[in-house]
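Written out below as structure tokens is the structure these notes cover.
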Amino acid sequence: MKFAKHLIAAALTAVCSVSAFAQNVTVTDAWARATVQGQKATGAFMKITAKDNAKLVAISSPVAGVAEIHEMKMDKDVMKMAALPNGLDLPAGKAVELKPGGYHVMLMDLKAPLTKDTTVPMTLTLQDAKGVKSNFELKLLVGMQPPAMPSHDHSTHNHSEHSHGDHKH
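Just so we're aligned: 141 in the working numbering is position 137 of the sequence shown, and the numbers increase by one with no gaps anywhere.
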């Protein structure tokens with residue numbers, strides 16, 4: 005069992021070999037929206053948390069000719085989307101959510117459709133406060149919606165000690 009744990013740890017280290025700075029960044033809930041034949045663009049979404057102040061300055065993926073950081077925001081009564089040419093700030097310790105209708109990654113000039121239940125490789129280029137850049141490699145699950153969150157399991161609760169109001173089990 006110990007050998008298997010060490011083997012898995014070694015494999016993950018080899019796959020995730022990034023600079024010390026990039027190791028201070030975590031990415032969770034990463035996914036890309038599936039496409040249909042002929043569709044040339046889609047969005048990718050995730051939560052990024054940096055231990056220290058940083059900036060997401062570039063994104064690339066072999067599945068797209070162009071990958072950019074975008075923001076959707078209201079301008080008067082119109083929702084507008086625009087690239088963030090100066091990158092996206094990642095404040096220390098705060099999760100920055102890239103989600104539909106807000107900050108997100110645009111994958112454009114897609115080389116092939118992104119099909120559900122496959123993965124998309126992506127490289128995030130991060131810059132620390134001193135201007136040092138490093139790359140963070142990840143794979144995003146492709147789907148029509150965010151990956152399912154674990155359900156709230158009541159099986160370990162002692163139901164005699166608290167009330168759920170009108171909630172039925």
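Think of the CB as a built atom: it goes at the ideal place given N, C-alpha and C, for glycine as much as any other residue.
Asked, Found
"My understanding is that M50 touches A34, with C-beta atoms under 8 Å, so please give their C-beta distance in whole angstroms.", "4 Å"
"By the 10 Å Cβ neighbour count, where 16 or more other Cβ atoms means buried, how is D56 classified, buried or exposed?", "exposed"
"My output table needs one value for N90: the three-state DSSP class, helix, strand or coil.", "coil"
"Taking a contact to mean a Cβ-Cβ separation below 8 Å, would you say P117 touches K143 in this structure?", "no"
"Tell whether a beta-carbon distance below 8 Å holds between T46 and L94.", "no"
"In this structure, how does DSSP classify N57 when only helix, strand and coil are distinguished?", "coil"
"Applying the 10 Å Cβ sphere with the 16-neighbour rule, what's the burial state of D132?", "buried"
"Rounded to whole angstroms, what's the CA-CA distance from G42 to L88? Just pull it up for me.", "26 Å"
"Quickly, what does DSSP pair N28 with across the bridge? List them, please.", "BP columns for N28 are empty, so no partner."
"Relative to the alpha-carbon of G91, which residue among E75, G105 and M85 has its alpha-carbon at the smallest distance?", "E75"
"From A48, T30 and R37, pick the residue whose C-alpha is nearest to that of A71; which is it?", "A48"
"What do you get for V136, buried or exposed, if any count of 16 or more other CB atoms within 10 angstroms of its CB means buried?", "exposed"
"What are the boundary residues of the beta strand (DSSP E) that T127 is part of?", "T123 to D132"
"Kindly identify the DSSP beta-bridge partner or partners of A34.", "Its beta-bridge partners do not exist; DSSP assigns none."
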